[in-house]
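> So that we are looking at the same thing, I have put the structure below in structure tokens.
In the numbering used here, the protein residues as written are 43 to 169.
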């Protein structure tokens with residue numbers, strides 16, 4: 043997606059990454075591969091303009107990052123992932139949108155710095 047949707051589609055995965063150490067935001071792919079063109083999530087996204095259509099993939103093999111690096115996931119780890127999913131979803135639909143706005147700011151800065159050849163942004167923090 044381009045423009046504002048580019049950020050909107052990244053908010054929930056970021057919330058989930060903050061809620062669960064077993065989920066990797068940097069491991070997310072926001073591109074549609076040719077082999078995925080006919081999957082339900084891509085069809086819903088394209089034909090019905092359904093944003094936030096994701097696939098959450100899990101593996102017993104474990105991760106190469108975070109607290110589970112080098113270990114195989116077990117049922118307890120997968121339950122932790124499920125337990126983090128609902129609070130992240132609640133934060134995503136929270137009427138105050140406090141965490142959503144904070145993530146939008148972070149993502150905007152990140153994408154701006156990534157797309158800008160030489161950073162032109164200076165942040166000054168004052169107590």
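Where a beta carbon is used, it is the ideal one built from N, C-alpha and C, also for glycine.
Enumerate in chain order the residues of its own chain whose CB-to-CB distance from residue 87 is below 6 Å, with the five nearest sequence positions on each side excluded.
Closer than 6 Å at Cβ, skipping near neighbours: 95.
> For the alpha helix (DSSP H) that residue 133 lies in, which residues bound it at each end?
First-last of the alpha helix (DSSP H) with residue 133: 117 to 135.
> Specify whether the region 125 to 133 and the region 53 to 60 touch according to this definition: at least 3 beta carbon pairs, one from each stretch, less than 8 Å apart.
As far as the Cβ criterion goes, the region 125 to 133 touches the region 53 to 60, which means the pair count is three or higher.
> With DSSP collapsed to three states, give me the class of residue 144.
Looking at residue 144 - three-state DSSP - the assignment turns out to be helix.
> Pick helix, strand or coil for residue 100, following the three-state DSSP scheme.
Coil at residue 100, not helix or strand.
> Buried or exposed: which applies to residue 76, given that a residue is buried once 16 or more other Cβ atoms fall within 10 Å of its Cβ?
Residue 76 should be labelled exposed.
> Sort out for me which residues DSSP pairs residue 105 with in a bridge.
Its beta-bridge partners are 111.
> On a Cα-Cα basis, can you pick out the residue from 145, 74 and 64 that is closest to residue 125?
Closest option to residue 125, Cα to Cα, is 64.
> Where residue 50 and residue 110 are concerned, what is the direct C-alpha to C-alpha distance, given to the nearest angstrom?
Rounded to whole angstroms, residue 50 to residue 110 spans 28 Å at the Cα level.
> Can the beta-carbon of residue 149 be found less than 7 Å from the beta-carbon of residue 52?
Yes.
> Given a cut-off of 7 Å, decide if residue 138 and residue 107 are closer than it, judged by their beta-carbon atoms.
Result no, Cβ atoms of residue 107 and residue 138 do not sit closer than 7 Å.
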